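Down below is the structure, laid out as structure tokens.
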Ligand code: S3P
């Protein structure tokens, strides 16, 4: 347990450089681990989830070493070079690692059992297992520990019933090992880092509207170097902090500006936040991703509606958007937010409990179509309170920001979970306090 006592901040000033994007980093490791040759990953984020991915690939026989504080080098002998591990693989709490591995390992020539930490063992895996079974995978049971008996897979056409980049990515990774093509159709676009990374590794991938077609069966080609841009989901905490703490001005450097991840930027701007993308569209060819700097100034916010269609583009930022909405004037309505129930914790429960303790009035209702909606009645201020992280990194970081902007002292029971995505978060935020 690592509790944290927080006093309100007067203002935030300065610049931050963020560690590499967690989603992109996982994918960079996965594809480097199955393409012949050496690949160097720059700006690699050494958080618990990404470290879990590195550990697993080492157990699968891939050579990985750290060459500089934020650089790793991965050496592989190609698509079919993974080795059966000597023991069961323990994925800890990394959901992306677990779900993407289900796809990759379903197509290997060995059997492996994946174990997970307590929280991840309760999160849904069937959404990934079902399409993989259609491809011919042998995976049981439905929750970790899960055993995967490698099999020869076949390509399928699959319409994603949930907007999930993890499900999409697992299918595409499995598709790399099929003789024919795999097609994934998205009803709602989710983050497209896997597609971009597959292009970078010269896979036979085509995207047309919401349909992704992948031709499997051939070796990937390493780009030799991948530059991982800063994590926009981590940036969101600084964006909101600088917006809600009066007289603040913060620049967040080298952030990933992938359209499929920018929902929180647009939502904050609609709320009246002063948020500017500087050096927009600086394209990083060595990641197939755009990046740039973001300038944020303190502003008065107003309540807005965030609809179901926008949710995939800000799914991980909803907790911190809820903090912004609590400090805005007027009502904010968040629709189609059911996926929040199955994140690291039930984020509807964690965030409503904490924000109510800070004096916010929040309603969670069911709509006629039986989906959930959160209504936050912003009142322009938060009271310091005794808060809980619920072992969830994004709930914890959201509450650190809320406590910075609150009136009076706050205490968060345990912030060690922040290591999952951003070990230096608290230090970085404190370095901006003036
Ligand atoms: C992620 C996809 C999202 C997101 C998660 C990371 C990824 O999950 O919430 O933090 O890297 O693919 P879903 O695929 O469940 O939407």
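Residue numbers (this note's numbering): 272 to 705.
The beta-carbon is built from N, C-alpha and C at its ideal position, and this holds for glycine as well.
None of the values given here were measured: they were computed from a predicted structure.
By the criterion of a C-beta distance shorter than 6 angstroms, residue 523 is surrounded in its chain by 287, 506, 509, 565, once the five residues flanking it on both sides are discounted.
Here the C-alpha atom of residue 302 lies approximately 12 angstroms from the C-alpha atom of residue 351. With contacts defined as CB atoms closer than 8 angstroms, residue 318 and residue 661 fail to qualify as a contacting pair. Residue 366 sits close to residue 437, with the two beta carbons spaced by under 8 angstroms.
By alpha-carbon distance to residue 415, the top candidate from 323, 454, 384, 691 is 384.
The beta carbons of residue 526 and residue 501 sit closer together than 8 angstroms. The beta-carbon separation of residue 581 and residue 534, rounded to 5 angstroms, stays under the 8 angstroms limit for a contact. Here residue 528 is buried: its Cβ has 16 or more other Cβ atoms, across all protein chains shown, within 10 Å. Counted as a single uninterrupted DSSP element, the stretch harbouring residue 277 is not any alpha helix (DSSP H) but the beta strand (DSSP E) occupying residues 275–277. Per DSSP, residue 537 is one residue of the alpha helix (DSSP H) stretching across 534–541. Residue 419 is positioned such that its CB atom lies closer than 8 angstroms to that of residue 376.
When beta bridges are read from the DSSP output, residue 645 appears opposite 605, 635.
Following the DSSP letters along the chain, one finds residue 685 in no alpha helix (DSSP H), marked with neither H nor E. The segment 478–496 and the segment 321–328 do not touch, with fewer than 3 CB-CB distances between them shorter than 8 angstroms. The ligand S3P has a heavy atom closer than 7 angstroms to the beta-carbon of residue 436. Residue environment: residue 339 is assigned as exposed (fewer than 16 neighbouring CB atoms within 10 Å of its CB, all protein chains considered). Here the segment 603–617 does not lie against the segment 675–684, with fewer than 3 beta-carbon pairs under 8 angstroms apart. In this structure, 681 is the residue among 373, 468, 681 with its C-alpha nearest to the C-alpha of residue 277. For the options 630, 284, 484, 273, the alpha carbon positioned closest to that of residue 569 is the one of 284. Residue 362 sits in coil when the DSSP states are folded into three classes, being neither helix nor strand.
Secondary structure of residue 654 (DSSP, three-state): strand.
Of 282, 480, 273, the smallest CA-CA separation from residue 512 is found for 282. Around the beta carbon of residue 462, 16 or more other beta carbons lie within 10 angstroms, which makes this residue buried. The nearest non-hydrogen atom of the ligand S3P is less than 7 angstroms from the C-beta of residue 610. In the three-state DSSP reduction, residue 455 falls in the strand class (E or B).
Between the C-alpha atoms of residue 690 and residue 394 there is a straight-line separation of about 20 angstroms.
In the DSSP assignment, residue 525 falls within the unbroken beta strand (DSSP E) covering 520–527. Residues 287 of the same chain have their beta carbon placed closer than 7 angstroms to that of residue 699, with the five preceding and five following residues left out of the count. Each of 504, 656, 345, 598 was checked against the Cα of residue 624, and the nearest Cα belongs to 656. For residue 295, the enclosing alpha helix (DSSP H) has its first and last residue at 293–303.
Looking at the backbone, the Cα of residue 292 and that of residue 592 are separated by about 19 angstroms.
Rounded to the nearest whole angstrom, the CA to CA distance from residue 310 to residue 556 is 15 angstroms. Linking residue 467 to residue 446 through their CA atoms gives a straight-line distance of about 15 angstroms.
Assigned with DSSP and collapsed to three states, residue 346 falls in strand. Residue 343 and residue 316 have their alpha carbons spaced roughly 10 angstroms apart. Residue 451 counts as exposed, since fewer than 16 other C-beta atoms from the protein chains shown sit within 10 angstroms of its C-beta.
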